[in-house]
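Visitor: Positions 234 to 1087 (the working numbering) are the ones given, in order, by the sequence shown.
I have a structure I would like to understand better, so I am pasting it below and will then ask my questions one at a time.
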Amino acid sequence: MRKNVLDLNDFGATVLDGISEFLGKGVTCQLISSTLVDSNNGNRGMVGAEANLERWLTGSLPSLTTGESKFGVAFDWEVEKLGVPGAIIVKNYHAAEFLLKTITLDDVPGRGTVTFVANSWVYPVDKYRYSRVFFSNDTYLPSQMPAALKPYRDDELRNLRGDDQQGPYKEHDRVYRYDVYNDLGEPDRGNPRPVLGGSAEHPYPRRCRTGRKPTNTDPNTESRLFLLDLGIYVPRDERFGHLKMSDFLGYSLKAIFEAVVPALGVVDFTPLEFDSFEDILGLYELGPEGPNNPVITEIRKKIPEFFKALLPNGSHDHPLKMPLPDIIKSDVFKKVPDDKFGWRTDEEFAREMLAGVNPVLISRLKEFPAKSTLDPTQFGDHTSKITEAHIQHNLEGLTVQNALKNNRLFILDHHDHFMPYLGLINKLDNNFIYASRTLLFLKDDGTLKPLAIELSLPHHDGQQHGADSKVYTPAHTGVDAHIWQLAKAYACVNDSAWHQLISHWLNTHAVIEPFVIATNRQLSVVHPVHKLLSPHYRDTLNINALARHTLINAGGIFELTVFPGKYALGMSSDVYKSWNFNEQALPADLVKRGVAVPDQSSPYGVRLLIKDYPYAVDGLVIWWAIERWVKEYLDVYYPNDGEVQRDVELQAWWKEVREEAHGDLKDRDWWHKMDSVQELARTCTTIIWVASALHAAVNFGQYPYAGYLPNRPTVSRRPMPEPGSDDYKKLEAGQKEADLVLIHTITSQWQAILGVSLIEILSKHSSDEVYLGQRDEPERWTSDAKALDAFKRFGSRLLEIEKRIKTMNEDPAFKNRRGPVEMPYMLLYPNTSDVDGTKGEGLTGMGIPNSISI
């Protein structure tokens, strides 16, 4: 079936194919009055006669995207008799759907120009139970909606809620309903997973309902599609656009599975290992010739062929190799020996907690030794075993208590995160995971240095007896240096899993999806808050549906490549129990972690205790810009708190967010009452922050930092070598043998190739990316001049932030912005200036898209 794109603009339209077939009676339009009602039609706005597309407009009209055309249409409409048009009915009698972008009426008496911004797929009329109605780009609170249009507004929301439609839904359905995560397991194949959501044991944010039938063996689990069928339901307008790298994610995931899944079934992976760091470098462009074995041969044959097709001609000199990750690029170009690479240094290990792919977890140590929050009646005493003797000599003359008092001690604490699960996790094949604590000291030059790493296992006599823990401290020569490198790797394994599972998946993708659903169900497209938030929802339902289908499902790529395996999503449910929407605001998060303190003299309301904290420094100024934009925009429509309280759609939206979207947490006392403009502004700012900047910070650095697996291993498979063991003897034998111990301890060869192939895909910006401060229709998304002016000011502030970030990255005083790997921190560089998309596509390691779109 042909997929058409129709853009009625200046009485024009766009199609990708079959232009002539749209002429005549293929598509009709009927204007709806916003000022005069039809008493014979329930006092709805007067509806004009059907008008057909008449002519294909070319010549002097504005340029179009490649493959698009414009149509003209003439309406029989008398303003004196029918009033001012405020909505339009569009009917498709053609055989295929088309994407309606905009319709613009010129020279309307009393109004001038009237613009309808649709950006919606219109299917043939026989697919709908109702007419497709599109409103002008005017903005109305419910109480201000013209009476003639209010029934159409109410009907549209009722259609989108689809509460009377059970499914299974088809691609033309426009139903936004909630469901629990009951589609991850396959009990019919003996591979079940717990249902996430709807219970006190496994609470979870809601997802978009598909309505598929249950499995045969478990009526509470939804059946799944065939693995390579990526047509999982989301409303058609939520699906990727035709320019999104030719369905970039879907085809890429197909390529991965075509390469890897057959190999998983026929190849014994156990003996396949990298033999050296040089062997690993062979995977990349500019590296030496890589390893040769059946798994790598199959993966490198198929996956990179697709990468080559996606990249511009001439940009991929080695199509069977992966791009060189930024974390090692400088050292490779300089031909530095691999044992001297910057990623190995303590400085880089610590810097990435402030400017890496997971800079959202480090916290200030508030008491020494570090305490546990685990229930002592169940788990025993889990107080840290790091003592003053371990760290005193490394505090630049301070005592431990003085260092605490002066805010110089920080911790990356994964101990409580993983300890309760290690008994199960370490029973999985090829897993040997520790729970880690990493203690750090803030030096006078603003950088961090690691002081000690504590690695813990459940007590050998049972978890109620506490932990078996060992503490490792920095060393730079002999066996102790190799042991220390391994300790850092075990800590990174913890951090990699937490990053993917919590920082990335749960705290951005999963928690935003129910806001998308609630907004479409309860806020009309003409509501000011819908117009404010909708750009920040683009493609989120689609990418999350694909994630459930191929990434986080039972036996999916996540379970194959990250150590929690089949327990991963259950762990994320336990973490969600303590999720607090208010703490997702950046200033609140920084204060909670103790890396900032309240300061009303600051424009951000907080003062950082680590001055050179790139994620926080850039994040706060981005937060401030978003917050100012949101406040200026809302002030246009909400002059006082009473307007918020009287807004029936807004109150229904917030009620549904609390009681259904995040319904498992509905009784938490931290929920806003939503009775003031200030609360609404804080809520919208937080949603936009999470969907744009927070996601950018934890997503687009994946390949630049973790594309070289030794820097961010996802699995550890062997215990720390003990004196007398074979591995310890290898450590004693020198650097080459010690490197082999490290390589054979962390992520296996096939896991590395699969994982790195995936994050290369997920770290790329698409060709149609829309960045913060940009909109698809920058001049026409609203008719309100005050809102347009506020948005322009927002864009101008972001352009100034871009300059600021570049200047700071070049200042040697800010050591954490580049580090020993010479990798400037650009993950929160807005890229608003890239208006034509020429510098933002692909693996750029920079740019804040409006939404969670990959």
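A virtual CB, placed ideally from N, CA and C, is assigned to each residue, including glycine.
How close, in whole Å, do the beta carbons of GLU746 and LEU784 come, if the pair is a contact with beta carbons under 8 Å?
Guide: The pair is not a contact, with the Cβ atoms about 14 Å apart (cut-off 8 Å).
Visitor: How would you write the range of the beta strand (DSSP E) that ILE686 sits in, first residue to last?
Guide: Unbroken beta strand (DSSP E) run through ILE686: 681 to 691.
Visitor: Kindly list the residues whose CB is nearer than 6 Å to the CB of GLU404, restricted to its own chain and excluding five residues on each side of it in sequence; keep chain order.
Guide: Within the same chain, GLU404 has close Cβ partners ARG469.
Visitor: Can you round the beta-carbon distance between ALA722 and PRO954 to whole angstroms, since I take them to be within the 8 Å contact cut?
Guide: Wrong, their Cβ atoms sit about 12 Å apart, outside the cutoff.
Visitor: Starting from GLY896 and walking both ways along the beta strand (DSSP E), at which residues does that stretch end?
Guide: Taken as a continuous stretch (DSSP letters only), GLY896 belongs to no beta strand (DSSP E), as it is neither H nor E.
Visitor: Determine, using beta carbons only, whether ILE750 and TYR409 come nearer to each other than 7 Å.
Guide: Cβ atoms of ILE750 and TYR409: closer than 7 Å.
Visitor: Please state whether the Cβ-Cβ distance between ASN591 and PHE796 is less than 7 Å.
Guide: It is not a contact, given that the beta carbons lie outside the stated cut-off.
Visitor: Assign ASP960 to buried or exposed, taking buried as 16 or more other Cβ atoms, counted over all protein chains shown, within 10 Å of its Cβ.
Guide: Its Cβ being crowded by 16 or more others within 10 Å, ASP960 is buried.
Visitor: In three-state terms, what does DSSP make of GLU434?
Guide: Here GLU434 sits in coil by DSSP.
Visitor: Whose C-beta lies closer than 7 Å to the C-beta of LEU497 among residues of the same chain, with five residues either side of it excluded?
Guide: Since pLDDT at LEU497 reaches only 45, below the 50 mark, its modelled position is unreliable, and the value read off the structure follows with that caveat. Counting only Cβ-Cβ distances below 7 Å, and skipping sequence neighbours, we find nothing.
Visitor: Taking the alpha-carbon of SER369 as reference, which of GLY656, VAL341, PHE674 and SER376 has the nearest alpha-carbon?
Guide: It is VAL341 whose Cα lies nearest to the Cα of SER369.
Visitor: Grouping DSSP H, G and I as helix and E and B as strand, with all else coil, what is PHE1047?
Guide: Three-state result, PHE1047: coil.
Visitor: Just the Cα atoms here: how many angstroms apart are GLU965 and GLN697?
Guide: GLU965 and GLN697: Cα-Cα distance of roughly 36 Å.
Visitor: Considering only residues of the segment 604 to 657, which uninterrupted beta strand (DSSP E) runs meet the minimum length of 3 residues and lie entirely inside it, listed in chain order?
Guide: As far as the segment 604 to 657 is concerned, its whole beta strand (DSSP E) runs of at least 3 residues are 642 to 646.
Visitor: Going by C-alpha to C-alpha distance, which of ARG1013, THR1015 and ALA929 sits closest to LEU1076?
Guide: Of the candidates ARG1013, THR1015 and ALA929, the one whose C-alpha sits nearest the C-alpha of LEU1076 is ALA929.
Visitor: Where does ALA700 fall in DSSP's three states?
Guide: In the structure shown, ALA700 sits in a strand (DSSP, three-state: E or B).
Visitor: Check whether the segment 303 to 321 touches the segment 340 to 359, taking contact to mean three or more Cβ pairs, one atom from each stretch, closer than 8 Å.
Guide: Yes, the segment 303 to 321 touches the segment 340 to 359.
Visitor: If we call anything under 7 Å between Cβ atoms a contact, is TYR936 one with SER996?
Guide: Yes, the Cβ-Cβ distance between TYR936 and SER996 is below 7 Å.
Visitor: State the Cα-Cα distance for the pair SER1084 and PRO1053, rounded to the nearest angstrom.
Guide: Each residue's alpha carbon lies about 32 Å from the other.
Visitor: So, helix, strand or coil for ILE790, using DSSP?
Guide: ILE790 falls in the helix class under three-state DSSP.
Visitor: For PHE1024, which option in ILE1038, ASN1042 and LEU1005 has the closest C-alpha, if you only look at C-alpha atoms?
Guide: Minimum Cα distance to PHE1024 is reached at LEU1005.
Visitor: Hey, SER736 and LEU594 are a contact pair by Cβ (cut 8 Å); roughly how many whole angstroms apart?
Guide: With 8 Å as the limit, SER736 and LEU594 qualify as a contact, their Cβ atoms being about 7 Å apart.
Visitor: Taking 7 Å as the threshold (C-beta atoms), are ASP772 and PHE473 in contact?
Guide: Yes.
Visitor: Is the CB-CB distance between GLY1078 and LYS844 below 7 Å?
Guide: Against a cut-off of 7 Å, the Cβ pair of LYS844 and GLY1078 comes out as no contact.
Visitor: Helix, strand or coil, according to DSSP, for TYR411 in the structure here?
Guide: In this structure, TYR411 counts as strand in the three-state DSSP scheme.
Visitor: Under three-state DSSP, which class holds ASP845?
Guide: It is coil, neither helix nor strand.
Visitor: Could you name the residues of the same chain whose beta carbon sits closer than 7 Å to that of ASN392, not counting the 5 residues immediately before and after it, in chain order?
Guide: Cβ neighbours of ASN392 beyond the five flanking positions: TYR363 and ARG407.
Visitor: Determine the DSSP secondary structure at LEU1021, reduced to helix, strand or coil.
Guide: In the structure shown, LEU1021 sits in a helix (DSSP, three-state: H, G or I).
Visitor: Can you tell me whether LEU333 is helix, strand or coil according to DSSP?
Guide: Correct three-state label for LEU333: strand.
Visitor: Write down the C-beta distance between GLU792 and ALA801 rounded to the nearest angstrom, noting that I regard them as a contact closer than 8 Å.
Guide: So it is a contact: roughly 6 Å between Cβ atoms.
Visitor: For ARG670 and ALA603, which I take to be in contact (beta-carbon distance under 8 Å), what is that distance rounded to the nearest angstrom?
Guide: Going by Cβ atoms, the distance from ARG670 to ALA603 rounds to 6 Å, so yes, they are a contact pair.
Visitor: Please classify SER605: is it buried, with 16 or more other beta-carbons within 10 angstroms of its beta-carbon, or exposed?
Guide: Classification for SER605: buried.
Visitor: Unbroken beta strand (DSSP E) runs of length 3 or more, entirely within the segment 808 to 839: which are they?
Guide: Segments of the beta strand (DSSP E) lying fully in the segment 808 to 839: 829 to 831.
Visitor: Of the residues ASP677, HIS692, GLY695 and LEU673, which one's Cα is nearest the Cα of ILE686?
Guide: Closest by alpha carbon: LEU673.
Visitor: Nearest CA to the CA of GLY430: which residue from THR916, MET1041 and TYR809?
Guide: The candidate whose alpha carbon is nearest that of GLY430 is TYR809.
Visitor: Can you tell me the Cα-Cα spacing of SER267 and GLY875, whole angstroms?
Guide: Answer to the nearest angstrom: the Cα atoms are 26 Å apart.
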